[in-house]
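Following: one structure in structure tokens, then a few remarks.
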Amino acid sequence: MNMTLWIIASVLALAFLAAGLMKMSQPKEKLAASGLAWTEDFSPGAVKAIGAVEALGALGLVLPAVLDIAPVLVAWAALGLALTMVGAAVVHARRKEAQAIPINLVLFILAAVVAWGRFGPHAF
């Protein structure tokens, strides 16, 4: 199970790091034009902040354990990303963007599994 948690955390980290860096590096208008229409409801600063939360959460999924510095932060990062996906699903539901919610749900479940495993039976 430990290896499974590492694999899930690594895949999540790559996904959230890519998404976060994209939100932090591209203008809101370009993000909206590329399919992230929800950005229209947020200020440029809020979009960048969401990107920062995702990127920092991604780093938190692996770096604390790899560096053996406060590895409990892995579980907290996973929990934070799971809650971020709840917020994302709410935004998509309010905007009637039902096609995006399954992605949020999958990411939520994967992050919740990592949080459960690292807080519980497979903590570092």
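Going by this note's numbering, the sequence shown opens with residue 277, and the numbers climb by one from there. Glycine included, every Cβ here is placed at the ideal spot set by N, Cα and C.
Check                                                                                                                                       : Outcome
Can you give the beta carbon distance from ALA388 to ALA358, rounded, assuming they're within the 8 Å contact cut?                          : 5 Å
Give the range of the alpha helix (DSSP H) segment to which MET279 is assigned.                                                             : 278-301
Counting beta carbon pairs with one atom in the segment 343-357 and one in the segment 378-396, are three or more of them shorter than 8 Å? : yes
Between the alpha carbons of TRP392 and LEU383, how many angstroms are there, rounded?                                                      : 14 Å
Check whether the Cβ atoms of ALA334 and PHE292 sit closer than 9 Å, and answer yes or no.                                                  : yes
Using only alpha-carbon positions, find the residue among VAL367, LEU290, ALA295 and ARG370 that is nearest to ALA328.                      : ALA295
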